[in-house]
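Chemist: Please see the structure below; I have some questions.
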DNA sequence: ATCGTTCTTGTAATCGTTTACAAGCCCGAC
DNA sequence: GTCGGGCTTGTAAACGATTACAAGAACGAT
């Protein structure tokens with residue numbers, strides 16, 4: 093009653109295992125051979141064992157996408173794009189969650205050496221020496237969606253947060269807002285650091301000083317709510333807030349409503365990531381599109397290319413942002 | 093420069109492969125043996141190959157969770173719960189997306205026979221004969237989060253939608269609403285059919301006739317928006333709408349706002365699933381909690397139990413709903 | 001010293017595939 | 001009739017682990 097193996101099929105068809113394997117892999121064979129094998133396969137309901145196959149051929153035809161938090165809608169955008177590319181190339185995509193800790197990311201990368209997948213696409217939220225080292229030493233190709241040092245010598249696709257921040261500030265300034273505040277996520281994360289730097293630069297470019305800068309404990313809705321007072325509670329209220337991602341922005345907007353402030357009338361709000369949530373929130377959220385879909389697509393392509401040829405020199409792609417203007421800004 | 097194998101480690105340590113394997117698996121060995129193997133392992137950076145291991149021991153220590161749409165926030169709730177249970181049991185969780193078509197689900201279940209994972213947790217959106225058949229015949233344990241016929245003889249954990257609908261209608265009626273409409277998802281899906289039936293029963297229990305019933309083309313935000321006119325455009329406007337899930341409810345609320353209608357003043361809105369989106373939407377959405385987290389947890393437990401003992405008689409668990417009241421209802 | 005027991009270690013078979021190589025067959029050309 | 005070439009098919013050796021079994025070492029009891 094146990095699973096039929098290729099040997100069973102061979103016996104049933106009265107041929108050798110090699111012939112069965114050849115027929116199944118579409119290698120040349122006579123009509124009669126194909127016929128007999130096919131019949132035996134159907135009859136027994138044989139399905140080849142992927143473990144044995146991949147042990148022999150050294151490939152699993154699986155790719156892993158690792159993200160920090162499945163609850164963050166930016167990852168669904170990315171995931172959709174990645175899925176499309178890799179499935180077109182004949183790979184299955186499996187998604188795993190790392191959580192916010194860098195040690196888990198390192199463990200994941202190290203674990204890839206076990207041969208679960210042919211490649212890893214990781215979007216790390218925190219990066220340290222260990223992670224870079226483990227990526228460089230990893231037995232399977234890795235591409236990073238995010239920012240790691242150039243010396244790491246690894247394919248990366250990253251966003252241009254400073255440029256994105258500039259778009260956001262430009263837009264707010266054009267609409268007459270000057271008292272601009274910034275709601276960041278944890279500054280010890282890669283996106284947190286980049287966005288903080290970008291915000292400071294963009295404000296300087298306009299000769300403005302921030303009204304307030306707050307740091308949420310996480311890139312989540314709840315953290316956005318919790319950090320709202322820090323961004324609003326200063327002596328002079330901001331007339332615009334830029335949040336480091338959409339979840340934070342939406343959390344903030346809830347607190348604005350609770351405080352009786354209108355968006356965008358009293359306070360304009362700009363998010364980042366332009367995820368599905370930006371469209372779904374109310375009012376719909378003006379958001380900096382950091383090209384998540386394109387980043388996913390390009391990253392997937394880099395991964396496939398590196399699987400083809402592991403010797404190619406690492407590429408570092410930067411995708412340009414745009415601004416999706418919706419009703420949370422005037 | 094290629095990956096070290098157990099044979100390489102054995103050679104480096106000057107012992108046999110069996111001894112290396114034993115040390116690595118914590119079987120009894122002398123201090124000196126452990127020491128030598130450990131040193132060789134560290135030196136070579138050896139990591140056992142999961143494919144080879146699982147080929148031999150017949151287990152991969154991976155579990156697959158298959159969902160229809162990663163963009164649906166109800167799945168993130170479920171995913172979190174499942175992840176917690178299975179990782180505590182020493183399994184890795186991988187997530188794959190099936191899309192809305194039942195043929196893809198069937199292909200997935202069939203594909204499990206290839207041995208990618210030790211078990212499958214699937215939340216099918218459409219169910220047909222083929223799917224039931226493929227689940228029953230599947231080589232690896234499968235548990236279904238959702239509703240399949242009892243005769244399928246498979247472990248299931250499902251929600252009690254009729255009861256949930258009753259909670260929603262009870263609540264609306266208690267708040268004085270009588271002109272209640274229903275915004276369903278596709279009626280040819282399992283949740284669509286169940287929620288439709290539940291709604292009809294609940295209304296009947298209160299002696300009410302629905303003001304309008306509309307069917308969105310999908311359980312998505314966009315479909316909710318598109319179907320809004322059908323639910324609002326009748327001769328008499330509803331004073332309350334129940335949506336078959338949170339995404340539909342939020343889509344509807346956007347159209348209500350566009351039409352200048354207040355929530356809950358003019359129209360109360362109730363969603364279903366009580367996902368993170370219900371909390372994040374504005375106004376926060378009253379939503380029927382169908383116990384996604386608990387369903388995920390229980391389903392994961394059933395799966396683990398069945399992996400332990402494949403002979404146990406299938407269980408069918410129903411988890412009870414509750415109502416999370418927020419500001420979209422009076 | 002011999003025997004039996006227990007403990008450690010090594011040899012080799014096995015899991016289910018793929019594939020290099022060899023063998024067999026058929027066929028036409030000389 | 002023999003030979004060589006091209007196909008088709010089969011045999012057996014991998015892939016990298018685990019593990020049953022056997023052999024050897026150590027040791028205490030007689």
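Protein chains in written order, with the numbering used here: chain G, 93 to 422; chain R, 93 to 422.
C-beta: ideal position from N, C-alpha, C; glycine also.
(1) Short of 9 Å Cβ to Cβ, which residues in the stretch 166-197 of chain R face chain G?
(2) My assumption, with CB atoms under 8 Å, is that residue 342 (chain G) sits in contact with residue 316 (chain G). Please give the rounded CB distance.
(3) Could you pull the DSSP bridge partners for residue 159 (chain R) from this structure?
(4) Can you tell me which of G:233, G:413 and G:390 puts its alpha carbon nearest to the alpha carbon of residue 177 (chain G)?
(5) Using the beta-carbon count (16 or more within 10 Å), is residue 330 (chain G) buried or exposed?
(6) Thinking residue 408 (chain G) and residue 248 (chain G) are a contact (beta carbons under 8 Å), I'd like their distance in whole angstroms, please.
(7) With DSSP as the reference, please indicate the residues paired to residue 253 (chain G) in a beta bridge.
(8) Determine, using beta carbons only, whether residue 260 (chain R) and residue 415 (chain R) come nearer to each other than 8 Å.
(9) Hey, would you say residue 412 (chain R) sits closer than 8 Å to residue 276 (chain R), going by beta carbons?
(10) May I have a chain-ordered list of the beta strand (DSSP E) segments no shorter than 3 residues that lie completely inside the stretch 310-339 of chain G?
(11) Please report the Cβ distance between residue 206 (chain R) and residue 142 (chain G), rounded to the nearest whole angstrom; I am assuming they are in contact, meaning their Cβ atoms lie under 8 Å.
(12) What residue range does the alpha helix (DSSP H) around residue 90 (chain R) cover?
(13) Express the C-alpha separation of residue 212 (chain R) and residue 238 (chain R) in angstroms, rounding to a whole number.
(14) May I ask you to report which of helix, strand or coil DSSP gives residue 280 (chain G)?
(15) Please classify residue 242 (chain R) as buried or exposed, where buried requires at least 16 neighbouring CB atoms within 10 angstroms.
(16) Please list, in chain order, the chain R residues whose beta carbon lies closer than 8 Å to that of residue 141 (chain G).
(17) Give the straight-line distance between the Cα atoms of residue 140 (chain R) and residue 95 (chain R), rounded to the nearest whole angstrom.
(18) Name, please, each residue of chain R whose Cβ falls closer than 9 Å to the Cβ of residue 95 (chain G).
(19) Using a Cβ-Cβ cut-off of less than 9 Å, list which residues of the stretch 331-344 of chain G approach chain R; keep chain order.
(20) What would DSSP say about residue 220 (chain R), mapped onto helix, strand or coil?
(21) Could you tell me how far apart the beta carbons of residue 335 (chain G) and residue 267 (chain G) are, in whole angstroms, since I believe they sit closer than 8 Å?
(22) Can you give the Cα-Cα distance for residue 191 (chain G) and residue 220 (chain G), rounded to whole angstroms?
(23) What in chain G is Cβ-close to residue 37 (chain R), meaning under 7 Å?
(24) What number of angstroms, rounded off, separates the C-alpha of residue 257 (chain R) from the C-alpha of residue 378 (chain R)?
(25) Going by beta carbon distance, what residues of the same chain come within less than 8 Å of residue 271 (chain G), once the five residues before and after it are set aside?
(26) Restricting to runs no shorter than 3 residues, where is the beta strand (DSSP E) found entirely within the stretch 333-379 of chain R?
(27) Could you check where the beta strand (DSSP E) with residue 308 (chain R) kicks off and where it finishes?
(28) Any beta carbon of chain R sitting closer than 8 Å to that of residue 111 (chain G)?
(29) In chain order, what residues of the same chain lie with their CB nearer than 8 Å to the CB of residue 368 (chain R), ignoring the 5 residues before and after it?
(30) Taking Cβ-Cβ distances shorter than 7 Å, what residues in chain G pair up with residue 346 (chain R)?
(31) Label residue 372 (chain G) either buried or exposed according to how many other C-beta atoms from any shown protein chain fall within 10 Å of its C-beta, with 16 as the threshold for buried.
(32) May I ask which residues mark the beginning and end of the alpha helix (DSSP H) holding residue 384 (chain R)?
(33) Please classify residue 156 (chain R): is it buried, with 16 or more other beta-carbons within 10 angstroms of its beta-carbon, or exposed?
(34) To the nearest angstrom, report how far apart residue 223 (chain G) and residue 160 (chain G) are at their CA atoms.
(35) From which residue to which residue does the alpha helix (DSSP H) around residue 205 (chain R) run?
(36) Note down, in chain order, each residue of its chain lying with its Cβ closer than 7 Å to the Cβ of residue 279 (chain R), except the 5 sequence neighbours on either side.
Modeler: Quick answer:
(1) 167, 168, 169, 171, 172, 175, 184, 185, 186, 187, 188 and 189
(2) 7 Å
(3) R:189
(4) G:390
(5) buried
(6) 5 Å
(7) Residue 253 (chain G) pairs with nothing; no bridge assigned.
(8) yes
(9) no
(10) 332-335
(11) About 4 Å separates the two Cβ atoms, so the contact holds.
(12) Here chain R has residues from 93 to 422 only, and residue 90 (chain R) is not among them.
(13) 13 Å
(14) coil
(15) Exposed.
(16) 147, 206 and 207
(17) 10 Å
(18) For residue 95 (chain G), the chain R residues whose Cβ falls inside 9 Å of its Cβ are 205, 207 and 231, in order along the chain.
(19) 339, 342 and 343
(20) DSSP places residue 220 (chain R) in coil when its eight states are reduced to three.
(21) 17 Å between Cβ atoms; not a contact.
(22) 15 Å
(23) There is no way to answer for residue 37 (chain R), as the model of chain R reaches only from 93 to 422.
(24) 13 Å
(25) 303, 328, 329, 330, 331 and 332
(26) 360-364
(27) Looking at the DSSP string, residue 308 (chain R) is not in any beta strand (DSSP E), and its letter there is neither H nor E.
(28) No, its Cβ sits nowhere closer than 8 Å to a Cβ of chain R.
(29) 165, 168 and 169
(30) 374
(31) buried
(32) 384-400
(33) Classification for residue 156 (chain R): buried.
(34) 14 Å
(35) From DSSP, residue 205 (chain R) is part of no alpha helix (DSSP H); its letter is neither H nor E.
(36) 285, 288 and 307
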